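Since the structure comes first, as structure tokens, the remarks are kept for the end.
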Amino acid sequence: MAAQGGRHQEKRRNLAAFWLLGLINNSAYVIMLAGANQISAAAVGLVYLAAVGPSLLCKASVPYWFHLVRYRTRMQAVALLMTASYTTVALSSSRGWQLLGVVLASLQSGLGEASCLALTSHYRGRAAITMWSSGTGFAGVFGYAWVLLLHFLAGLSFTATLLLANATCAAWLAVYHLLLEAPEERAAQLWRHDSADWAGAAAASEGSLGGRAAEQQRRRQDGGGSRGGAPQVPLLAEAAGRDAVGEPDSSRAQEGGSEEQQRLLGGDEGASSDPQQAQQAQQSQQQQQQQLELGEGSEEWRPSKAGRMTWRERLQRTVALWPYMVPLFLVYFAEYAMQSGTWTAIGFPVTSEMARHRFYFYANWKYQMGVFLSRSSGMLYQASRTMLWAMPIMQVGWLVFFLLDAVHHWWYNYGLLLPCFMTGLLGGAVYVNAFTLISKEVPPQYREFSLGAASLADSLGVALADVCGILIQGCLFKANGLEGADFAC
Numbered sequence: 007m008a009a010q011g012g013r014h015q016e017k018r019r020n021l022a023a024f025w026l027l028g029l030i031n032n033s034a035y036v037i038m039l040a041g042a043n044q045i046s047a048a049a050v051g052l053v054y055l056a057a058v059g060p061s062l063l064c065k066a067s068v069p070y071w072f073h074l075v076r077y078r079t080r081m082q083a084v085a086l087l088m089t090a091s092y093t094t095v096a097l098s099s100s101r102g103w104q105l106l107g108v109v110l111a112s113l114q115s116g117l118g119e120a121s122c123l124a125l126t127s128h129y130r131g132r133a134a135i136t137m138w139s140s141g142t143g144f145a146g147v148f149g150y151a152w153v154l155l156l157h158f159l160a161g162l163s164f165t166a167t168l169l170l171a172n173a174t175c176a177a178w179l180a181v182y183h184l185l186l187e188a189p190e191e192r193a194a195q196l197w198r199h200d201s202a203d204w205a206g207a208a209a210a211s212e213g214s215l216g217g218r219a220a221e222q223q224r225r226r227q228d229g230g231g232s233r234g235g236a237p238q239v240p241l242l243a244e245a246a247g248r249d250a251v252g253e254p255d256s257s258r259a260q261e262g263g264s265e266e267q268q269r270l271l272g273g274d275e276g277a278s279s280d281p282q283q284a285q286q287a288q289q290s291q292q293q294q295q296q297q298l299e300l301g302e303g304s305e306e307w308r309p310s311k312a313g314r315m316t317w318r319e320r321l322q323r324t325v326a327l328w329p330y331m332v333p334l335f336l337v338y339f340a341e342y343a344m345q346s347g348t349w350t351a352i353g354f355p356v357t358s359e360m361a362r363h364r365f366y367f368y369a370n371w372k373y374q375m376g377v378f379l380s381r382s383s384g385m386l387y388q389a390s391r392t393m394l395w396a397m398p399i400m401q402v403g404w405l406v407f408f409l410l411d412a413v414h415h416w417w418y419n420y421g422l423l424l425p426c427f428m429t430g431l432l433g434g435a436v437y438v439n440a441f442t443l444i445s446k447e448v449p450p451q452y453r454e455f456s457l458g459a460a461s462l463a464d465s466l467g468v469a470l471a472d473v474c475g476i477l478i479q480g481c482l483f484k485a486n487g488l489e490g491a492d493f494a495c
């Protein structure tokens, strides 16, 4: 599988690890949603809200503390939350305690997703993100299949089905500690490769610095001098310091380096006139800057620019990710409003509670199949920003269709599973393409931060959709003359 930049390939063990991490991380969340009707049949949206609200709060906070906690500690916390969620829901009989278990699963999912997306920055970005996305997509199929096979077909209780799922917690730790290469071992080498690729244009300009210095020396010898002013030198540090929207970094190290470079290249009257000496000084300065960025000699590698940002700078850089976050928010709002609202009020016939539960289960399973296929396409197709924004608009169109169809019953049979599958395709495509675009367009020193911060958008869309889903379910129940909804429209 081709890696980002096309020159390097990621090891298969790492690609397999990211796929398995995505599968395991989202499995608890999906299994909870697959059993949402058993936890709270009268208000399915309440289960969805409990499954996303804590995740939203977790993702909203990660830009401000992730750099203080090692990946190892985060992964262990994910495993503990996972087993606590399964056990709490399985052994509780009241809806309140079961919802608490769903809350724990939400925290686990949010922490795991933000951590693993940020972790992909230590590997070959596009390949790692695609495998992670594919794994999370298959988690939907796996989670619903787990409930279908063990609970519905094998006849096990929902309690036993959840307790058996605790095996995934041990698998999570085994994959991270035994299969995946330690990120600390990979980070410095990858940083050098990605920095060189991203700043290629600036590096090409750097190659002409010696020639410019030699030209200045020749002018001095010819009597032309250099009193016309310092040349305009494109700096590698300046080019590599630009953020996702093209704003230059203004760190003191770069400013100091810029002044020193111009002085060495003949901008000052007292500068050295030896072009070879100027070039050597230039290379020495850049090596020092690279060591600063790599954090060499520290216990754990981290890009220094992201690690040194203040909370205000972190907020500003998160807001600057809006071209990727808005499509994520919109597509997830539309699809989860369908899941928690419109699909709960469809059945053949709609007056049968069992028929509604059956359609809800199969609709979500078809949706998850679509998500898996589209999330696995990251290495085959890279959407442009225009297409990234077009897909959520199409998703909103499907939401309007299901709202009207649930009331008027224009198309009312199991053929509706096809549009359910289409919504999964759109949602998964927006997810994988948003994060691969971030990996492609954001400078290396901010990539890890940006991938983790942008994961907030989909949870925000899901949270708002789940609130609306409770209202939608109540109104559609009333339109179809049904009883049992917690909210009366």
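Residue numbers (the numbering used here): 7 to 495. Glycine included, each C-beta is placed from N, C-alpha and C at the ideal position. This one's a predicted model, so the numbers in the text were calculated from it and none came from an experiment.
Next item on the list: Locate the alpha helix (DSSP H) running through Val332, then write down its first and last residues.
Entry: Taken as a continuous stretch (DSSP letters only), the alpha helix (DSSP H) holding Val332 covers 328-346.
Next item on the list: Spatial neighbours of Arg318 within its chain, please: CB distance less than 7 Å, with the 5 preceding and 5 following residues excluded, ordered by chain position.
Entry: There are no such residues.
Item checked: Ala111 - containing alpha helix (DSSP H), residue span -> Note, Ala111: alpha helix (DSSP H), 101-125.
Notebook entry, point to check: Given that a residue counts as buried once 16 or more other Cβ atoms are within 10 Å of its Cβ, and exposed if not, what is Ser139?
Noted result: If you draw a 10 Å sphere on the C-beta of Ser139, you find 16 or more other C-beta atoms in it, and that means buried.
Next item on the list: Could you pull out every residue in the same chain whose Cβ sits closer than 8 Å to the Cβ of Leu431, ignoring the five residues on either side in sequence?
Entry: Same-chain partners within the cutoff: Gly376, Val377, Leu379, Ser380.
Checklist line | For Cys481, the first and last residue of its enclosing alpha helix (DSSP H) | finding: From DSSP, the alpha helix (DSSP H) with Cys481 extends over 462-485.
Notebook entry, point to check: What does a CB cutoff of less than 8 Å around Leu105 pick up in its chain, not counting 5 residues either side in sequence?
Noted result: The answer, listed in chain order, is Ile45, Ser46, Leu52, Val53, Ala56.
Item checked: Distance between Met137 and Arg308 (C-alpha atoms, nearest Å) -> Reliability fails at Arg308, whose pLDDT of 45 lies under 50, so the model's placement of it is uncertain and the value that follows must be treated cautiously. Here the alpha carbons of Met137 and Arg308 stand approximately 23 Å from one another.
Next item on the list: Look up Trp417 in the DSSP assignment and say whether it is helix, strand or coil.
Entry: Here Trp417 carries a coil assignment [DSSP, helix/strand/coil].
Next item on the list: Would you give the residue range spanned by the alpha helix (DSSP H) that Val325 belongs to?
Entry: Annotation: the continuous alpha helix (DSSP H) that includes Val325 extends over 317-325.
Check: Quick check: the region 84-97 against the region 147-154, are there 3 or more CB pairs under 8 Å?
Finding: Too few Cβ pairs lie closer than 8 Å, so no.
Checklist line | Cβ-Cβ distance between Ala471 and Tyr330 below 7 Å | finding: 7 Å or more divides the Cβ of Ala471 from the Cβ of Tyr330.
Check: Should Ala494 and Gly480 be called a contact, given that it needs their Cβ atoms to be closer than 7 Å?
Finding: A contact, by the Cβ cut-off of 7 Å.
Item checked: Reduced DSSP category for Gln388 - H, G, I as helix; E, B as strand; rest coil -> Gln388 sits in coil when the DSSP states are folded into three classes, being neither helix nor strand.
Margin query: Measuring straight from C-alpha to C-alpha, what distance separates Phe4 and Ser99?
Written below: No answer is possible for residue 4: it lies beyond the span of the chain, which begins at 7 and ends at 495.
Next item on the list: Would you kindly work out how many angstroms separate the C-alpha atoms of Ala463 and Trp349, rounded to a whole number?
Entry: The C-alpha of Trp349 is placed about 23 Å away from the C-alpha of Ala463.
Check: Between which two residues does the alpha helix (DSSP H) carrying His157 extend?
Finding: No alpha helix (DSSP H) holds His157; DSSP gives it neither H nor E.
Check: Exposed or buried, Gly421, counting other C-beta atoms within 10 Å across all chains shown (16 or more means buried)?
Finding: Answer is exposed; the Cβ neighbour count stays below 16.
Next item on the list: Identify which residue in Glu119, Gly118, Ala96 has its Cα closest to the Cα of Gln108.
Entry: One detail in the question is off: residue 108 reads as Val in this sequence, not Gln. Closest in alpha carbon position to Val108, among Glu119, Gly118, Ala96, is Ala96.
Check: What number of angstroms, rounded off, separates the C-alpha of Gln451 from the C-alpha of Lys372?
Finding: Answer to the nearest angstrom: the Cα atoms are 39 Å apart.
Check: DSSP on Ala22, reduced to helix/strand/coil?
Finding: When DSSP states are grouped into helix, strand and coil, Ala22 belongs to the helix group.
Notebook entry, point to check: Between Ala133, Val84, Val181, Gly433, which lies nearest to Gly403 when the distance is taken from Cα to Cα?
Noted result: Of all alpha-carbon atoms in Ala133, Val84, Val181, Gly433, the one lying nearest the alpha-carbon of Gly403 is that of Gly433.
Check: Under the rule that 16 or more other beta-carbon atoms within 10 Å means buried, what is Leu26, buried or exposed?
Finding: With 16 or more other Cβ atoms within 10 Å, it is buried.
Check: Mind checking Gly467: buried by the 16 CB within 10 Å criterion, or exposed?
Finding: That one is buried.
Check: By DSSP, does Phe427 sit in helix, in strand, or in coil?
Finding: Phe427: helix per DSSP, three-state reduction.
Margin query: Using C-beta distances below 8 Å, list every residue in its chain close to Ser445, excluding the 5 sequence neighbours before and after it, in chain order.
Written below: Excluding sequence positions up to five before and after Ser445, its CB lies within less than 8 Å of the CB of Gln10, Thr126, Ser127, Gly131, Arg132, Ile135, Arg453, Leu457, all in the same chain and listed in chain order.
Item checked: Inter-residue Cα distance where the pair is Gly28 and Leu39 -> Going from the Cα of Gly28 to the Cα of Leu39 covers about 17 Å.
Margin query: the ligand GDP and Glu489: does any heavy atom of the ligand fall closer than 6 Å to the residue's C-beta?
Written below: No copy of the ligand GDP appears in this structure; indeed no ligand is present at all.
Notebook entry, point to check: So what does DSSP say about Pro355, is it helix, strand or coil?
Noted result: Three-state DSSP puts Pro355 in coil, outside helix and strand.
Checklist line | Simplified DSSP assignment, three categories, for Pro449 | finding: When DSSP states are grouped into helix, strand and coil, Pro449 belongs to the coil group.
Checklist line | Cβ-Cβ distance between Phe407 and Met344 below 7 Å | finding: Pairing Phe407 with Met344 gives a Cβ-Cβ distance that is not under 7 Å.
Notebook entry, point to check: For Gly161, is the classification buried or exposed, using 16 other Cβ atoms within 10 angstroms of its Cβ as the cut-off for buried?
Noted result: Result: exposed.
Notebook entry, point to check: Would you say Pro398 and Val337 are within 7 Å of each other, going by their C-beta atoms?
Noted result: With contacts defined as CB atoms closer than 7 Å, Pro398 and Val337 qualify as a contacting pair.
Notebook entry, point to check: Could you give the C-beta distance for Cys175 and Leu117, rounded to a whole number, given that I count them as a contact under 8 Å?
Noted result: Contact between Cys175 and Leu117 does not hold, since the beta-carbon distance rounds to 14 Å and is not under 8 Å.
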